[in-house]
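Protein chains in written order, with the working numbering: chain A, 9 to 466; chain B, 9 to 466; chain C, 9 to 466. In what follows, a single structure is set out as structure tokens and then discussed.
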Amino acid sequence: MLAAMPSAPRSLVSIEDLSVGEILELFRHAEEFGADLTAWTHLCRGAIMATLFLEPSTRTRLSFEAAMHRLGGGVITVSDASSSSQAKGESLADTVRVVGGPYADIVVIRHPDDGAARVAARYARVPVINGGDGAHEHPTQTLCDLYTLWKEKGRLEGLDVVLCGDLRHSRTVHSFAYALARFRANIVTIPYPGLEMPQYVLDRLRREFGVQAIAASVGELPGLAGKENSVAYLTASRPHQLALFTQPTIEQVQHIDAIYMTRAQRERHAGDEVRRENYPRLSGESLRSAMFKDARVMHPLPRLDEISHEVDDDPRAVYFRQAELGVPIRMALMAFLLGQIRLDAEPPARFAVQPGLSFDAHGGLRCRNERCITNREGSGPVVRDFRLVEEATALLACAYCDKEVRAAFVGNAQTKEYVPVSVPAAARIDLEHRVYFVSEEQAATAAYRPAATGDVAR
Amino acid sequence: MLAAMPSAPRSLVSIEDLSVGEILELFRHAEEFGADLTAWTHLCRGAIMATLFLEPSTRTRLSFEAAMHRLGGGVITVSDASSSSQAKGESLADTVRVVGGPYADIVVIRHPDDGAARVAARYARVPVINGGDGAHEHPTQTLCDLYTLWKEKGRLEGLDVVLCGDLRHSRTVHSFAYALARFRANIVTIPYPGLEMPQYVLDRLRREFGVQAIAASVGELPGLAGKENSVAYLTASRPHQLALFTQPTIEQVQHIDAIYMTRAQRERHAGDEVRRENYPRLSGESLRSAMFKDARVMHPLPRLDEISHEVDDDPRAVYFRQAELGVPIRMALMAFLLGQIRLDAEPPARFAVQPGLSFDAHGGLRCRNERCITNREGSGPVVRDFRLVEEATALLACAYCDKEVRAAFVGNAQTKEYVPVSVPAAARIDLEHRVYFVSEEQAATAAYRPAATGDVAR
Amino acid sequence: MLAAMPSAPRSLVSIEDLSVGEILELFRHAEEFGADLTAWTHLCRGAIMATLFLEPSTRTRLSFEAAMHRLGGGVITVSDASSSSQAKGESLADTVRVVGGPYADIVVIRHPDDGAARVAARYARVPVINGGDGAHEHPTQTLCDLYTLWKEKGRLEGLDVVLCGDLRHSRTVHSFAYALARFRANIVTIPYPGLEMPQYVLDRLRREFGVQAIAASVGELPGLAGKENSVAYLTASRPHQLALFTQPTIEQVQHIDAIYMTRAQRERHAGDEVRRENYPRLSGESLRSAMFKDARVMHPLPRLDEISHEVDDDPRAVYFRQAELGVPIRMALMAFLLGQIRLDAEPPARFAVQPGLSFDAHGGLRCRNERCITNREGSGPVVRDFRLVEEATALLACAYCDKEVRAAFVGNAQTKEYVPVSVPAAARIDLEHRVYFVSEEQAATAAYRPAATGDVAR
């Protein structure tokens with residue numbers, strides 16, 4: 009059953025809330041803002057940004073606050089969860105309903121729960137920007153990463169970008185990977201052994217962007233390469249050619265446009281999983297490899313020792329510049345969301361075409377991600393719902409944290425009957441009346457019964 | 009003995025620091041501000057507000073900060089008691105003496121001790137606004153509550169307002185009750201059993217506003233009504249008529265203009281006092297009662313589950329709007345205290361007529377409220393003093409936390425002799441030389457002796 | 009070996025980063041700012057100040073923030089170390105590299121480690137102001153102290169200033185003492201017994217300013233004087249005359265221009281070292297001493313009970329005024345560092361003449377101060393280096409925390425040979441190739457060998 013979705017202002021919860029065209033336009037506005045950061049205090053004068061940071065952060069918060077000051081607006085801040093009304097047990101929905109409206113014209117939220125930013129965007133009456141929600145997304149980091157790469161290389165399409173380190177837990181890496189695929193760049197993964205890119209990320213890359221993972225070899229990269237058999241080349245452009253070969257092929261990576269290092273996300277997993285001495289470490293020696301001749305070294309910061317300090321002064325080290333570019337790109341984003349600049353590009357299809365294509369769970373589906381805000385106690389009135397990702401296979405994704413789940417049964421909210429998703433009758437149920445279930449037990453709990461006639465369409 | 013009171017700028021420590029006329033004028037200014045919140049950044053440009061929040065809060069602090077940004081001023085914030093100079097043992101007086109003056113043009117304080125805001129107002133050289141001091145007052149919440157009700161109903165006089173839930177600990181409810189009485193509205197109390205309106209609040213309502221409490225019946229209010237015998241109707245307008253009847257009368261409440269729900273103040277009492285399952289809970293079903301036809305549902309927020317979420321979309325639910333109105337009304341208040349708007353109404357009599365009518369305790373009276381800042385260690389140089397509430401009965405109130413105390417003896421600071429308050433000689437002591445005591449022991453400790461002649465007047 | 013020093017903007021890490029002439033000019037600008045604090049919001053409009061307060065403080069932070077608001081700029085704040093990226097293990101250098109540049113046009117840092125502000129100043133691309141680094145320096149407090157005294161007395165030269173209380177741990181007192189000596193004021197020390205002025209401070213006063221310490225007597229100062237034999241008179245102007253006497257002389261202090269009280273720095277030493285009842289306490293009685301007739305009572309605040317509250321209303325009590333003056337003097341400082349006002353005076357010689365006279369330790373010298381940031385774990389890539397304080401005695405000072413160390417050996421970075429500092433060959437090594445060591449062991453560890461020929465110059 010389609011969930012009622014309040015008409016909301018544009019928000020940025022996921023990087024996919026912006027189309028490729030919009031992103032490129034934001035880059036051009038960021039260029040203009042960055043040319044003289046102090047020349048724009050008239051643009052959003054009188055506007056107020058609230059930064060609700062219910063999880064620690066310096067860089068992201070200060071970057072947003074600096075951007076808003078550069079635009080001439082005011083800032084109100086909650087940077088300590090323990091001194092907030094949330095500590096008194098208030099729901100996130102109530103908090104943003106008050107803060108996002110009378111108090112602030114735009115809200116930036118960081119929250120420990122996956123999907124929290126989508127909840128905030130649903131209840132605030134003003135634009136919401138996701139400043140990082142659990143292990144879910146951190147889209148302005150991705151914007152900033154893309155902008156840096158675009159600025160350094162003049163394009164994104166066709167670039168060969170290495171992602172190195174903890175590829176399992178880093179939301180930054182996942183979002184960056186999806187975005188690179190959208191911009192038709194190629195990805196080389198060099199994970200710390202055991203912290204490979206998760207299968208669901210690979211699945212989504214394949215499904216949404218036609219990206220295939222090929223075993224790859226990176227030759228000798230001092231300090232970086234883990235077990236050779238965990239290196240992969242992810243690309244949408246070459247698999248067709250590779251398919252001509254009958255033998256399994258190993259892509260030989262010869263040239264790297266950028267390497268993106270990440271720290272071990274110690275706060276997201278048991279610390280002993282990662283032994284520091286084995287963790288990939290980019291050093292001056294690494295950079296002497298021929299493959300890095302034109303490479304840019306990126307890092308979302310904070311860095312621990314994934315990049316040795318001797319690299320800092322190398323002209324190819326752009327991680328401080330990357331942090332720096334966070335200000336103009338965030339200025340562009342906020343000026344856009346506050347209606348002070350206009351973008352000509354179309355918004356992403358998913359929002360333009362199907363503004364409300366989400367399925368209220370109605371006692372049915374439950375998100376499988378235990379860290380999803382829909383499964384957290386005390387988060388208040390979050391109505392579980394799901395997007396239909398692939399109708400043929402009944403693949404749905406949580407509308408908040410994007411975790412995928414495959415349904416086995418589908419009901420009709422009008423007749424309260426259900427059938428297996430595989431029977432032809434399933435497809436005949438109007439989209440707006442469908443309710444999905446993973447099991448008959450779940451359907452029964454939601455007070456649905458098996459369709460007597462085998463047909464449940466209206 | 010009259011305490012020397014430094015000539016201080018107007019502050020808002022108690023809602024009674026504003027007259028009825030001034031409050032109504034502030035409402036009208038708030039209307040103007042609220043019509044376009046972003047049009048006033050010229051009004052207080054250059055002004056600085058300090059928010060000293062030595063106790064957790066999000067909503068109140070952000071509301072003030074948003075209001076000051078809307079007025080074009082700057083904000084400096086202490087939102088964490090543990091990272092402040094108070095943690096090094098500095099007295100509140102010293103803190104506000106520095107912050108309220110060179111650093112800030114107006115100070116908003118939240119503090120865990122009752123009466124702390126009055127201390128701040130005495131030592132700061134700039135206007136101080138009480139953002140909540142212990143269980144004492146939270147006057148801008150009251151302003152906001154009154155404003156919401158006035159805006160929704162077009163008037164305050166004669167309204168029937170239900171106060172429901174924890175009526176014992178909620179400073180918000182007490183202040184609101186006094187204010188409703190001042191504006192000649194009627195109050196229906198529906199307490200959680202055991203958390204009835206305290207006797208001293210009822211006493212003050214009777215004494216200052218002529219309000220009588222009558223047993224009342226509210227009929228059937230699903231989810232709300234506690235033990236029927238705890239419901240009361242508080243009114244200044246009808247008791248005279250009721251007195252014509254010889255039988256005890258029960259007021260039948262037929263119509264409700266507004267219901268004000270409050271959460272259990274768990275941080276102010278042992279949690280097990282309140283069992284959540286019995287706590288009043290306003291639901292969609294409650295609102296179907298005929299009595300609620302034109303009612304407005306109010307709540308100071310944060311809410312836990314005193315109001316079910318299904319009510320949120322009911323047009324009678326005004327609690328989010330109530331929070332929203334906190335911004336324009338605080339804008340009006342600050343613009344007034346900073347001298348940027350002028351009010352024509354007279355200030356309250358208590359301050360206009362008797363600017364210094366407080367009695368230095370001089371080793372005599374001690375406030376009976378253990379949470380009063382005058383009884384706290386480490387609060388620094390707070391000189392205990394008292395207002396004379398009722399001369400005939402020697403009723404005094406702590407000048408900081410307003411807790412009342414009845415004296416038994418009164419001395420003359422010039423002769424150092426005292427008499428019982430009940431003897432005629434007591435009344436002949438000049439007001440400015442009087443020192444009150446609760447016991448002969450207390451008088452002796454302060455080095456006073458019984459009047460030999462029975463007369464202590466000069 | 010001379011350390012490469014990036015060309016950096018002017019910063020204020022130590023009070024000695026400003027010349028006497030510059031300080032006096034800043035006073036005159038502060039006079040202008042203070043005459044109407046609200047008239048300067050055009051001066052730094054568009055500028056952003058970051059306050060990185062990684063150690064608790066209210067007053068200093070709020071004072072800076074108020075000053076920046078008064079100048080029309082914006083403020084971004086980290087006031088809680090635990091909610092910052094530093095908590096994730098980021099180095100201070102990385103933090104300031106990002107914050108001091110794109111995010112902020114000026115950075116104010118408070119940090120628990122001695123020397124941290126110098127690290128920040130080296131890595132930030134914008135001016136850095138030291139808001140207090142461990143027990144090292146707090147130069148804007150000193151500026152404010154000097155300004156108050158100058159304003160009250162019309163001059164600094166020749167004043168007799170008492171420093172009283174914990175003279176051992178208070179960075180404020182040390183910095184103030186150096187500054188008083190630079191301005192040719194005289195100092196009377198009245199320490200709490202056991203917390204005397206440290207020898208290294210006395211040594212530096214003698215060496216750099218020609219100040220001699222003479223035993224002194226202060227007569228009877230109720231509540232203040234400790235053991236008579238710990239009182240000293242520090243002056244650069246009289247020792248020559250005193251030297252005429254053959255008997256040890258005791259300076260009889262007859263007149264005091266100012267007394268500077270300090271609290272026991274309980275957070276810097278074990279609390280039981282100081283018994284509160286014996287700690288110096290300035291009371292109304294103290295002030296009745298003839299010596300205090302024209303004295304000003306100063307205190308950096310927060311005060312505990314070193315000054316009794318009865319003194320607050322005495323016209324000689326200027327400690328609240330002192331805090332107040334922190335705003336205009338910080339406005340002047342920031343307007344200067346941001347290039348909005350120009351000073352005609354020459355900068356201090358140490359920076360003008362020898363911009364890079366510091367010796368990279370290169371595995372050699374190690375700062376003897378265990379609280380120095382160069383000896384802290386996790387502070388990141390801090391290259392130890394030292395200033396040559398006195399060439400003849402091979403006295404060096406840590407370039408970060410200023411702790412002095414005397415070397416015993418000196419090597420030539422080109423030949424990797426070393427000699428004792430006492431041999432003539434030592435002086436012939438080019439300054440830019442010198443590497444100092446405290447021991448042969450240290451030299452060996454750094455891979456240096458004794459000079460075979462006894463000569464190590466090139």
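All C-beta atoms in this analysis are idealised placements derived from N, C-alpha and C, irrespective of residue type, glycine included.
Remark: C-beta atoms of C:I437 and C:Y408 do not approach each other more closely than 8 Å. Contacts with chain B at 8 Å (Cβ-Cβ) include C:P310. Between B:E332 and chain A, the shortest Cβ-Cβ separation is below 8 Å. The DSSP-derived three-state label of A:F191 is coil. Contact between B:S238 and B:E204 holds, with the beta-carbon distance rounding to 6 Å and staying under 8 Å.
Chain A has no Cβ within less than 8 Å of the Cβ of C:A74. Between B:C375 and the set B:F417, B:D313, B:L345 and B:F445, the nearest pair of CA atoms involves B:F445. Relative to the Cα of A:E160, the nearest Cα in the group A:R130, A:F61, A:P336 and A:R304 belongs to A:R304.
The C-alpha of C:L70 is placed about 21 Å away from the C-alpha of A:R78.
Under the three-pair Cβ rule at 8 Å, the segment 351-358 of chain A does not count as touching the segment 44-63 of chain A. For B:D211, the enclosing alpha helix (DSSP H) has its first and last residue at Q207 to F217.
With fewer than three CB-CB distances shorter than 8 Å, the segment 80-87 of chain B does not count as touching the segment 305-315 of chain C. Looking at the backbone, the Cα of B:S22 and that of B:N420 are separated by about 30 Å. Under DSSP, B:A221 forms a beta bridge with B:L242. With a cutoff of 8 Å on beta-carbon distance, C:P428 and C:A434 are scored as near each other. In this structure B:K411 is buried. Its beta-carbon is surrounded by 16 or more other beta-carbon atoms within 10 angstroms.
The continuous beta strand (DSSP E) containing B:H119 extends over residues I114 to H119. In the structure shown, the three-state DSSP call for C:L60 is strand. Using a Cβ-Cβ cut-off of 8 Å, A:G109 counts as an interface residue toward chain B, since at least one Cβ of chain B sits closer than that to its own.
Of all C-beta pairs linking the segment 260-269 of chain A to the segment 163-179 of chain A, three or more are shorter than 8 Å, placing the two stretches in contact.
C:T150 places its beta carbon 8 Å or farther from that of C:L333.
Three or more beta-carbon pairs drawn from the segment 334-348 of chain B and the segment 29-42 of chain B are found closer than 8 Å, and the two stretches are therefore classed as touching.
Shown here, C:E30 sits in a helix according to DSSP, grouped into three states.
If the five residues before and after B:A193 are omitted, its C-beta is found closer than 7 Å to the C-beta atoms of L164, E165, G166, L167 and V169, all from its own chain and listed in chain order.
Inter-segment contact for the segment 61-70 of chain B and the segment 115-133 of chain B is present: three or more beta-carbon pairs are separated by less than 8 Å. Residues S19, L20, V21, V104, G108, I114, V115, V116, I117, A125, A128 and A129 of the same chain have their beta carbon placed closer than 8 Å to that of A:V136, with the five preceding and five following residues left out of the count. Of all residues in the segment 115-145 of chain C, none is placed with a Cβ closer than 7 Å to any Cβ belonging to chain A.
By alpha-carbon distance to B:D393, the top candidate from B:R350, B:R442 and B:G140 is B:R442. Interface flag for A:F328 against chain C is set, since a Cβ pair is found closer than 8 Å.
When the five nearest sequence neighbours on each side are left out, the beta carbons in the same chain lying within less than 7 Å of the beta carbon of B:G29 are those of A353 and E354, in order along the chain. A:F300: not part of any beta strand (DSSP E); DSSP gives it neither H nor E. Burial is judged here by how many other beta carbons sit within 10 angstroms of a residue's own beta carbon; A:L345 has at least 16 and is buried. In the DSSP assignment, C:R329 falls within the alpha helix (DSSP H) that extends over Y327 to L345.
As computed with DSSP, A:D122 is found in a beta bridge with A:C380. Of all alpha-carbon atoms in B:N138, B:C406, B:Q450 and B:D25, the one lying nearest the alpha-carbon of B:Y426 is that of B:Q450. With contacts defined as CB atoms closer than 8 Å, C:L373 and C:A402 fail to qualify as a contacting pair.
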